[in-house]
Each structure stands twice: as structure tokens, then as C-alpha cells.
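Visitor:
In the numbering used here, the protein residues as written are 7 to 593.
#1: Apply the 10 Å Cβ neighbour rule to residue 332 and answer buried if 16 or more other Cβ atoms are within range, or exposed otherwise.
#2: Taking C-alpha atoms, which residue in 552, 530, 523 lies nearest to residue 542?
#3: Note down the Cα distance separating residue 504 from residue 523, rounded to an integer number of angstroms.
#4: Nearest to residue 357 by alpha carbon, out of 510, 169, 274?
#5: Tell me where the beta strand (DSSP E) around residue 357 begins and ends.
#6: Are the stretch 220 to 234 and the stretch 192 to 208 in contact at 8 Å, needing three or more beta carbon pairs?
#7: Give the straight-line distance between the Cα atoms of residue 138 and residue 214, rounded to the nearest whole angstrom.
#8: So who's on the other strand from residue 521, going by DSSP bridges?
#9: Helix, strand or coil: which one does DSSP assign to residue 446?
#10: Return the chain-ordered list of same chain residues with a C-beta closer than 6 Å to the C-beta of residue 447, the five sequence neighbours on each side being excluded.
#11: Taking DSSP's pairing of strands, which residues face residue 325 in a bridge?
#12: Keeping to the same chain, check which residues put their C-beta closer than 7 Å to that of residue 298; ignore five residues upstream and five downstream.
#13: Helix, strand or coil: how does DSSP classify residue 71 here?
#14: If you count every other CB in all the chains shown that lies within 10 Å of the CB of residue 424, and 16 or more means buried, which is it?
#15: Say whether the stretch 31 to 46 touches the stretch 459 to 475, bearing in mind that this needs 3 or more beta-carbon pairs closer than 8 Å, one atom from each stretch.
#16: Roughly how many whole angstroms lie between the Cα atoms of residue 306 and residue 351?
#17: Would you call the stretch 56 to 74 in contact with the stretch 493 to 513, where contact means no fewer than 3 C-beta pairs closer than 8 Å?
#18: DSSP three-state label for residue 576, please.
#19: The beta strand (DSSP E) with residue 28 in it runs from where to where?
#20: Who are the Cβ neighbours of residue 312 in its own chain at under 6 Å, not counting the five residues just before and after it?
#21: Distance, Cα to Cα, residue 576 vs residue 550?
#22: Flag this pair as yes or no: are the beta carbons of residue 411 and residue 364 separated by less than 9 Å?
#23: Excluding five sequence neighbours on each side, which residues of the same chain lie with their C-beta closer than 6 Å to the C-beta of residue 561?
#24: Does the separation of the CB atoms of residue 403 and residue 450 fall below 9 Å?
#25: Label residue 218 either buried or exposed according to how many other C-beta atoms from any shown protein chain fall within 10 Å of its C-beta, with 16 as the threshold for buried.
#26: Suppose the cutoff is 8 Å on Cβ atoms and the five residues either side in sequence are ignored; what does the same chain contact list for residue 257 look like?
#27: Would you say residue 356 reaches chain B, if we count a Cβ-Cβ gap shorter than 9 Å as a contact?
#28: From the DSSP output, in three-state form, read off residue 172 for me.
#29: When you compare only the Cα positions, how much space is there between residue 10 and residue 144?
#30: Please identify the residue among 47, 60, 21, 281 whose C-alpha is closest to the C-alpha of residue 30.
#31: Alpha carbon to alpha carbon, how far is residue 539 from residue 563? Give it in angstroms, no decimals.
#32: Rounded to the nearest angstrom, what separates residue 184 and residue 534 at their Cα positions?
#33: Name the one or two DSSP bridge partners that residue 255 has.
#34: With DSSP as the reference, please indicate the residues paired to residue 402 in a beta bridge.
#35: Output needed for residue 300: all residues of its chain with C-beta closer than 6 Å, excluding positions within five of it in sequence on either side, in chain order.
#36: Please identify the residue among 182, 366, 390, 133 whose C-alpha is closest to the C-alpha of residue 353.
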């Protein structure tokens with residue numbers, strides 16, 4: 007596979023591995039919850055490379071959907087690369103402000119993106135998906151970088167988001183963005199028989215109107231049909247339900263339109279179908295019959311899905327329902343395309359949504375213009391809804407959070423469908439509290455000045471605000487200069503030693519128990535106190551107090567031990583000295 011080479015790549019290739027783990031320090035004053043916690047919606051203030059590394063012990067391999075909107079590198083953002091690379095020469099080069107005249111700005115942008123994408127890759131679940139907003143300045147380079155990190159076999163789509171038409175453009179109106187979409191493991195999604203679908207715009211409203219008319223007119227199909235067609239005619243131009251006006255017929259199963267009986271693409275079966283009135287063979291569609299066997303055809307005729315014309319000179323029609331009824335036989339579920347659109351559709355690779363409403367809404371939320379070019383929360387919500395489940399606690403991550411659009415989208419989506427999705431937002435700029443967190447707080451509480459009852463009343467919910475604290479520095483740990491809280495070190499040590507996430511609810515600090523990994527029962531004898539670490543080794547009496555080993559050996563993390571290797575083997579204990587020797591247990 008071709009790879010993308012750029013200045014500085016060799017320096018940042020493994021940068022994500024050298025970034026130290028930092029503590030996540032809760033800030034109750036900014037949080038919108040009684041007690042900040044890591045299983046809440048999260049907003050993290052700090053550099054996103056460092057924050058992503060800090061999230062690994064808790065969220066590695068657990069994020070279902072990632073959406074990021076990185077700098078587009080147009081040459082007008084005046085951004086500066088500030089990652090801590092070791093090479094003084096590259097520090098000087100990378101540290102310069104990136105402007106339009108910088109001939110190496112693409113190299114610097116790739117140096118910034120590479121380590122972050124590697125960490126995002128580690129955070130994604132096996133069935134996860136990542137969306138990246140970008141424009142023509144870096145789209146092609148981003149695709150090559152993503153092929154290298156995620157694998158070109160995991161590329162899913164390059165969506166085109168048309169946002170505006172620029173009539174003053176000299177050559178073409180470049181009013182679109184892209185969304186680059188990759189799966190963590192496309193083959194795994196296939197093995198799960200995954201199909202992503204979304205509601206057809208307007209279909210839900212039509213079905214609700216049908217139900218209302220049924221209650222009004224009972225079993226009178228003609229009256230319901232006439233009223234439904236009147237409903238279509240009175241809809242305002244541009245209403246999403248209006249384009250479905252072809253669904254102008256009803257029966258006991260629902261709203262339907264007539265459709266042809268031809269096999270998709272041609273080459274279908276050519277068996278005999280007898281007209282019930284003339285008794286003669288019906289004309290066969292040019293592409294052959296839609297149904298694969300005469301038996302299937304007969305079944306659909308009996309269930310009223312196939313409707314014959316006045317005579318045999320034309321093929322019968324089939325009913326395609328807007329929303330599939332459960333009345334037809336269960337066999338239909340395997341061939342649902344035969345008689346139902348079921349109110350859903352696969353998302354196309356192009357869509358239009360003006361950029362102006364997003365800016366207008368954010369201005370209404372704050373009462374003034376506080377952020378340039380915010381993303382549209384409805385578009386982000388659409389992508390999240392398309393690829394996540396409402397009731398499985400899916401985690402959505404945005405590490406370039408900006409004005410907090412992704413958090414807004416998740417809350418709005420949960421309010422709409424009763425979901426329990428969670429978001430993680432990372433923002434390093436000074437507006438992380440005043441705009442990012444404040445926007446989320448306001449949409450939770452409600453914004454009376456906006457249109458839309460749901461947002462006026464507020465979506466409800468909570469979030470916990472964290473700041474990046476000190477690095478879990480090994481030298482500082484050994485010297486006692488910086489000792490993290492028990493749970494902070496436990497999260498880091500458990501993940502580093504086992505490659506798995508710590509279940510914090512299982513931690514019992516009083517007996518130094520961290521929990522069980524796939525290989526070990528894990529203990530950590532630790533308190534953030536130098537005297538304790540100097541005087542509290544792993545001793546024989548403490549080891550024997552654990553009792554006989556069960557299915558798994560015990561891994562004990564401590565500052566030192568008073569047991570020899572023979573005794574450790576006898577007790578089925580593996581010892582790791584805090585903090586650095588735990589690396590030997592990985593993998």
C-alpha cells in the first residue's frame with residue numbers, strides 16, 4: 007500500500023507512545039452535576055493529545071463513534087503546533103505559526119494529526135466508526151493518512167456536505183465540506199450483519215396522520231385515502247412528507263404506493279401467472295417476475311400484496327408500504343423490499359444543509375455572536391443516530407470540541423429517542439468553560455429564546471468537567487514529589503499492566519483490591535504517602551491473608567516486597583514494583 011511521506015513524520019511516528027499519562031482532575035464548580043465522575047458525560051479542558059492519552063485507561067476500545075472537526079489548514083487559521091517533540095530542530099520548525107505563506111504547512115498539519123489519529127484508533131470499539139470533517143485543503147492527504155492508520159479496507163465513505171453557494175466565486179462555488187468515514191474494523195461490522203439505516207424524512211409524519219385518520223374514519227379505506235391525499239395537498243412546499251405523496255393509497259396494513267413487478271436489474275424468473283378474471287396468462291415484466299418462485303408469488307397474491315389489473319395484458323402491480331405491517335407472513339421479513347419501504351433508507355453520500363442556521367442558533371443560545379462557524383448539531387446528531395444504538399450507553403467522542411456542538415447533538419438525540427448515549431468533549435482553548443461547557447449547560451436547562459419546544463424546555467442531563475492534572479511521572483513517583491490519588495494511579499497501573507480498563511465500581515481500596523483482568527486478580531498496595539510506601543511492602547502475612555489462589559494468579563503492585571520468588575510462585579503471586587516494572591506484564 008502506498009504511504010504518505012512528509013517532513014517530521016519520523017519524529018512524530020511514535021509520539022503518542024511517549025506522551026505521559028496525566029491525571030484527570032474534576033472541577034465541581036464548572037460541572038453540571040453534584041459529584042463529578044468519569045462515567046458521566048465529560049468535558050475535558052486541556053491539550054487533546056494529552057487528554058486522549060489520559061482517557062485510554064478508562065475508555066480504550068470503548069468509544070462507539072468519534073466525530074472531529076480539526077483545523078482545515080486553509081492558511082488563515084494562524085494555528086501553532088505545540089506538541090512536545092524531542093528534537094530541538096523540529097521544535098523550532100514546528101513551533102512557528104502556520105500561515106498561508108508557510109510552504110511546509112501541510113507537513114506540520116500531518117505532524118499534528120498523526121499521533122492524535124493513532125490514539126483515536128486505540129479508543130474506538132471494534133464496531134466503532136470515526137467521522138472527520140475536512141475540506142479540499144487536506145482531504146486527500148487525510149485519506150492517505152487514514153489508510154495508513156486505520157487501513158484502506160476500513161474506508162466507508164467520503165460524504166459531501168453542501169453548505170452554501172458562493173455566486174461571487176471566480177471559477178466554481180466551493181461551498182462544501184467533506185466527512186471522511188472509517189470503521190475500526192469493517193469486516194467485524196459485516197460479521198455482525200450490520201446495516202445502518204435512517205428514517206425517511208416525513209415518513210413518520212405520514213404514518214401519524216394515517217393513524218389519526220383511521221381513528222376518525224374507522225375501516226372506510228376510501229374516506230381515509232381521500233383525506234390522506236387532501237393532507238398531502240395542504241402541506242407547505244418543502245415539507246419532507248410532501249415528496250412521499252405517491253403513497254396515496256391505504257388498506258388495513260397501512261399507506262402504500264403501486265410498484266412494478268419486475269426483477270431488479272433484469273434476468274428474473276419467467277413462470278406463469280394466471281389472471282383471476284380472464285383466466286389467461288398475465289404479461290411478464292421485461293425483467294422477469296419480482297418474486298423468485300411461483301409459490302412466493304401465490305403467497306403474496308393471497309395476502310393482498312399483489313394487485314391484478316383489469317385484464318391479463320399488463321403485469322399486476324405490487325403494493326409497496328411506507329411502513330411495513332406485521333400482518334403479512336413472517337417470510338416477508340427476509341424479502342422486505344418486495345412490498346415495503348418500511349419508512350427507512352440508507353444514507354446517501356451527498357446532503358445539503360445550510361451553514362447559517364447553526365450560527366444563528368448559537369447566537370440565540372448566548373444572546374450574541376460568540377463563535378465563528380460552529381458545526382450544525384442536527385447534522386452531527388444524524389450521523390450519531392445512524393451509527394449508534396440509543397439504549398446501549400454508546401460513547402461518542404469529540405476531541406476538537408469547539409463550541410460544544412457534539413455534546414448538544416447527543417443531548418438532543420437522547421431527548422428525542424430516550425437514549426442513554428454519553429459524550430466526551432475535549433477542548434484546550436480558554437473558551438472551554440465559557441462557551442463549550444456553558445453551551446451544554448444551557449441546552450440542558452433550556453433556552454426560552456429559541457424556536458423548538460424541546461430546546462426551550464431543556465434536554466436534561468448532566469456533565470462532569472475535568473482538567474488535565476499532573477503527569478503520572480515515574481521519577482516524581484519514586485522521589486515522592488508527586489503522588490496521585492489511589493484511584494488515579496489504579497486506573498493507570500491496571501491499564502498499563504493488563505491492557506484492560508479498570509472497573510472502578512469493583513475497586514476496594516481498603517483491602518487494596520483493583521479487580522480482575524482476563525489473566526489476573528490485581529491488587530495494589532499503595533497510599534499517596536511517602537512514609538507509607540517506605541514502610542509497607544508485600545509481606546508473607548498479607549499474601550497469605552489473600553487465601554488460596556482461585557482460577558487466576560494474583561498480580562500485586564507494591565513499592566517493595568519481603569518475599570522470595572519461590573514463595574511467590576507457591577502462593578501464585580506475581581509481583582510488580584511500582585511504578586515502572588508493570589510494563590513487563592503488558593500483552
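Even glycine gets a Cβ: it sits at the ideal position worked out from N, Cα and C. It should be emphasised that the depicted structure is a prediction, and the values quoted were computed from it without experimental measurement.
Guide: Answer, in terms of the structure:
#1: In the chain shown, the residue the question calls residue 332 occupies position 326. With a pLDDT of only 37 at residue 332, under 50, the local geometry of the prediction cannot be trusted, and the value read off the model is given with reservation. It counts as exposed.
#2: Translated into positions along the chain shown, residue 542 becomes position 536. Taking only the C-alpha atoms, the option nearest residue 542 is 530.
#3: For the purposes of this step, residue 504 is taken as residue 498 along the chain shown, with counting starting at 1. For the purposes of this step, residue 523 is taken as residue 517 along the chain shown, with counting starting at 1. The alpha-carbon atoms of residue 504 and residue 523 are separated by roughly 7 Å.
#4: Along the chain shown, one-based indexing puts residue 357 at 351. It is 169 whose Cα lies nearest to the Cα of residue 357.
#5: If you number the chain shown from 1, residue 357 lands on position 351. Segment 356 to 358, the beta strand (DSSP E) holding residue 357.
#6: No: fewer than three Cβ pairs fall under 8 Å.
#7: Residue numbering aside, residue 138 sits at position 132 when the chain shown is read from its first letter. Residue numbering aside, residue 214 sits at position 208 when the chain shown is read from its first letter. Rounded to the nearest angstrom, the two C-alpha atoms are 36 Å apart.
#8: The residue given as residue 521 occupies position 515 in the chain shown. In DSSP, residue 521 forms a bridge with 528.
#9: Counting from one through the chain shown, the residue named residue 446 turns up at place 440. Three-state DSSP puts residue 446 in a helix.
#10: Residue 447 sits at position 441 when you count from the first residue of the chain shown. Closer than 6 Å at the Cβ level, and outside the excluded window around residue 447, lie 38.
#11: In the chain shown, the residue the question calls residue 325 occupies position 319. Answer by DSSP bridge pairing, in chain order: 264.
#12: Looking up residue 298 in the chain shown gives position 292. Once the five neighbours on either side are set aside, the close Cβ partners of residue 298 are 275.
#13: Against the chain shown, residue 71 aligns to sequence position 65. Residue state, collapsed to three classes: strand.
#14: Along the chain shown, one-based indexing puts residue 424 at 418. With fewer than 16 Cβ atoms within 10 Å of its Cβ, residue 424 is classed as exposed.
#15: yes
#16: Looking up residue 306 in the chain shown gives position 300. Looking up residue 351 in the chain shown gives position 345. So the two alpha carbons sit approximately 23 Å from each other.
#17: yes
#18: For the purposes of this step, residue 576 is taken as residue 570 along the chain shown, with counting starting at 1. The answer is helix: DSSP assigns residue 576 an H, G or I state.
#19: Translated into the one-based positions of the chain shown, residue 28 becomes position 22. From DSSP, the beta strand (DSSP E) with residue 28 extends over 28 to 32.
#20: In the chain shown, the residue the question calls residue 312 occupies position 306. So the qualifying residues of the chain are 306, 322, 324.
#21: By one-based count along the chain shown, residue 576 stands at place 570. By one-based count along the chain shown, residue 550 stands at place 544. Those two C-alpha atoms are separated by around 11 Å.
#22: Within the chain shown, numbered from 1, the residue matching residue 411 stands at position 405. Within the chain shown, numbered from 1, the residue matching residue 364 stands at position 358. Yes, the Cβ-Cβ distance between residue 411 and residue 364 is below 9 Å.
#23: By 1-based counting over the chain shown, the position of residue 561 is 555. 526, 528, 580, listed in sequence order.
#24: Working through the chain shown from its first residue, we reach residue 403 at position 397. Working through the chain shown from its first residue, we reach residue 450 at position 444. Not a contact, by the Cβ cut-off of 9 Å.
#25: Here residue 218 is taken as the residue at index 212 of the chain shown, counted from 1. It is exposed - the Cβ of residue 218 has fewer than 16 other Cβ atoms within 10 Å.
#26: Within the chain shown, numbered from 1, the residue matching residue 257 stands at position 251. Excluding positions up to five away in sequence, the list reads 227, 310, 325.
#27: The structure shown contains no chain B; it holds only a single protein chain.
#28: Counting from 1 along the chain shown, the entry for residue 172 is found at position 166. Coil.
#29: Mapped onto the chain shown, residue 10 falls at position 4. Mapped onto the chain shown, residue 144 falls at position 138. Cα to Cα, residue 10 sits roughly 13 Å from residue 144.
#30: Taking the chain shown and counting its residues from 1, one reaches residue 30 at position 24. For residue 30, the nearest C-alpha among the options comes from 60.
#31: Residue numbering aside, residue 563 sits at position 557 when the chain shown is read from its first letter. Residue numbering aside, residue 539 sits at position 533 when the chain shown is read from its first letter. Distance between the alpha carbons of residue 563 and residue 539 is about 12 Å.
#32: Indexing the chain shown from 1 puts residue 184 at position 178. Indexing the chain shown from 1 puts residue 534 at position 528. Looking at the two C-alpha atoms, the distance is approximately 48 Å.
#33: As a first step, residue 255 must be located in the chain shown, where it is residue number 249. Per DSSP, 262.
#34: Sequence index remark: in the chain shown, residue 402 carries index 396 (1-based). According to DSSP, which records beta bridges pairwise, residue 402 is partnered with 71, 429.
#35: By one-based count along the chain shown, residue 300 stands at place 294. Here residue 300 has 277 as same chain residues with Cβ atoms under 6 Å from its own Cβ, once five neighbours each way along the sequence are excluded.
#36: As a working note, residue 353 is residue 347 in the chain shown. Among 182, 366, 390, 133, the Cα nearest to that of residue 353 is on 390.
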